[in-house]
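Sequence order for the protein chains is V and D.
The numbering of the first sequence is this note's numbering, which starts it at 724 and goes up by one.
The numbering of the second sequence is this note's numbering, which starts it at 328 and goes up by one.
Don't be surprised by glycine CBs; every beta carbon is placed ideally from N, CA and C.
Contents: one structure, followed by commentary.
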Amino acid sequence: DAMVIQNPRYQVTQFGKPVTLSCSQTLNHNVMYWYQQKSSQAPKLLFHYYDKDFNNEADTPDNFQSRRPNTSFCFLDIRSPGLGDAAMYLCATSRVAGLTDTQYFGPGTRLTVL
Amino acid sequence: AQSVTQPDIHITVSEGASLELRCNYSYGATPYLFWYVQSPGQGLQLLLKYFSGDTLVQGIKGFEAEFKRSQSSFNLRKPSVHWSDAAEYFCAVGGSNFQKLVFGTGTRLLVSP
Numbered sequence: 724d725a726m727v728i729q730n731p732r733y734q735v736t737q738f739g740k741p742v743t744l745s746c747s748q749t750l751n752h753n754v755m756y757w758y759q760q761k762s763s764q765a766p767k768l769l770f771h772y773y774d775k776d777f778n779n780e781a782d783t784p785d786n787f788q789s790r791r792p793n794t795s796f797c798f799l800d801i802r803s804p805g806l807g808d809a810a811m812y813l814c815a816t817s818r819v820a821g822l823t824d825t826q827y828f829g830p831g832t833r834l835t836v837l
Numbered sequence: 328a329q330s331v332t333q334p335d336i337h338i339t340v341s342e343g344a345s346l347e348l349r350c351n352y353s354y355g356a357t358p359y360l361f362w363y364v365q366s367p368g369q370g371l372q373l374l375l376k377y378f379s380g381d382t383l384v385q386g387i388k389g390f391e392a393e394f395k396r397s398q399s400s401f402n403l404r405k406p407s408v409h410w411s412d413a414a415e416y417f418c419a420v421g422g423s424n425f426q427k428l429v430f431g432t433g434t435r436l437l438v439s440p
């Protein structure tokens, strides 16, 4: 029944060591989002894909990249993680772009940077 | 800039008691308003949303919220809380000319026996 799946659920990496987080969906939705949620803070949108079109938020650091090889999968790459990148990373999907369509969230990946 | 304030970081409610979680927003036009719930180990789940029309919105799990434009508020209510309602609740705002979600920092609900 899982609709938005995130792997791994917990990821530990070292300072500066590249890391990739994975999101997959069984909903066949066109839009996939990545949010960052730091401890006791609000989830914050990093970027989203509408189909293959990539949309980066203006304040998303260059250290963060994303790939969407097909409809079902989307990856978040952090090229050189810093201690400040420790957070929960949430993936979400929606059928179409825009807020009138519900976003479905995965359970998140908690990233620890040592 | 768009923003959401959830003034209560933690709230404890006795099981069976009523609940109200506060949300205030800042948005220059007619807002789209949302409440999400995040249970431990789970993703965010949409409880309800408001775009236009009736200002009292019914959602899942017995929740409702009321949009009050004059107070820039969208408070979440439930008449009788169950232990399974213990979770973190997020209010979010967006709009027709700002098509992304801006979340508040959340309110953690604890339910006591």
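Buried or exposed by the 16-neighbour rule on C-beta atoms within 10 Å, applied to residue i
{"i": "V/D808", "result": "buried"}
{"i": "V/A765", "result": "buried"}
{"i": "D/D412", "result": "buried"}
{"i": "V/L837", "result": "exposed"}
{"i": "D/K376", "result": "buried"}
{"i": "V/L834", "result": "buried"}
{"i": "V/A810", "result": "buried"}
{"i": "V/G805", "result": "exposed"}
{"i": "D/W410", "result": "exposed"}
{"i": "D/A392", "result": "buried"}
Run of the beta strand (DSSP E) containing residue i, from where it starts to where it stops
{"i": "D/Y377", "result": "371 to 377"}
{"i": "V/K767", "result": "767 to 773"}
{"i": "D/G421", "result": "414 to 422"}
{"i": "V/A810", "result": "810 to 817"}
{"i": "D/Q398", "result": "From DSSP, D/Q398 is part of no beta strand (DSSP E); its letter is neither H nor E."}
{"i": "V/Q759", "result": "754 to 760"}
{"i": "D/F390", "result": "Where D/F390 is concerned, there is no enclosing beta strand (DSSP E), given that its DSSP letter is neither H nor E."}
{"i": "V/V735", "result": "733 to 736"}
{"i": "D/L408", "result": "Correcting the residue type first, residue 408 of chain D is Val in the shown sequence and not Leu. Looking at the DSSP string, D/V408 is not in any beta strand (DSSP E), and its letter there is neither H nor E."}
{"i": "V/N730", "result": "727 to 730"}
{"i": "V/L744", "result": "742 to 748"}
Contact list for residue i against chain D, beta-carbon separation under 8 Å
{"i": "V/T825", "result": "L373, K376"}
{"i": "V/P784", "result": "Ordered by position in chain D, no residue passes the 8 Å Cβ test against V/P784, which lies about 18 Å from the chain."}
Per-residue contacts from residue i into chain D (C-beta, under 9 Å)
{"i": "V/V819", "result": "The contacting residues do not exist; V/V819 stays about 11 Å from chain D at best."}
{"i": "V/S763", "result": "I336, T432, G433"}
{"i": "V/V727", "result": "G370"}
Where residue i meets chain V, residues with beta-carbon distance less than 8 Å
{"i": "D/Q369", "result": "P830"}
{"i": "D/G421", "result": "L822"}
{"i": "D/K388", "result": "Within chain V, no residue comes near D/K388; the closest Cβ sits about 15 Å away, beyond 8 Å."}
{"i": "D/Q426", "result": "A820, G821, L822"}
Expected contact under 8 Å - CB spacing of residue i and residue j to nearest Å
{"i": "V/T816", "j": "V/Q748", "result": "5 Å"}
{"i": "D/G370", "j": "V/V727", "result": "7 Å"}
{"i": "V/S803", "j": "V/P741", "result": "7 Å"}
{"i": "D/V331", "j": "D/A414", "result": "Contact doesn't hold; Cβ gap of about 18 Å is too wide."}
{"i": "V/C797", "j": "V/Y773", "result": "Not confirmed; about 12 Å, so no contact."}
Within 9 Å, strictly: CB atoms of residue i and residue j
{"i": "D/Q329", "j": "D/F417", "result": "no"}
{"i": "D/L360", "j": "D/R404", "result": "no"}
{"i": "V/Y756", "j": "V/F777", "result": "no"}
{"i": "D/S400", "j": "D/T339", "result": "no"}
{"i": "D/A344", "j": "D/S407", "result": "yes"}
{"i": "V/Y758", "j": "V/L768", "result": "yes"}
{"i": "D/Q385", "j": "V/G821", "result": "no"}
{"i": "V/Y812", "j": "V/T783", "result": "no"}
{"i": "D/C350", "j": "D/G422", "result": "no"}
Heavy atom of the ligand ZN within 8 Å of residue i beta-carbon
{"i": "D/S423", "result": "Although the ligand ZN was asked about, the structure shown includes no ligands whatsoever."}
9 Å Cβ cut-off: residues of chain V touching residue i
{"i": "D/Y359", "result": "L822, T823"}
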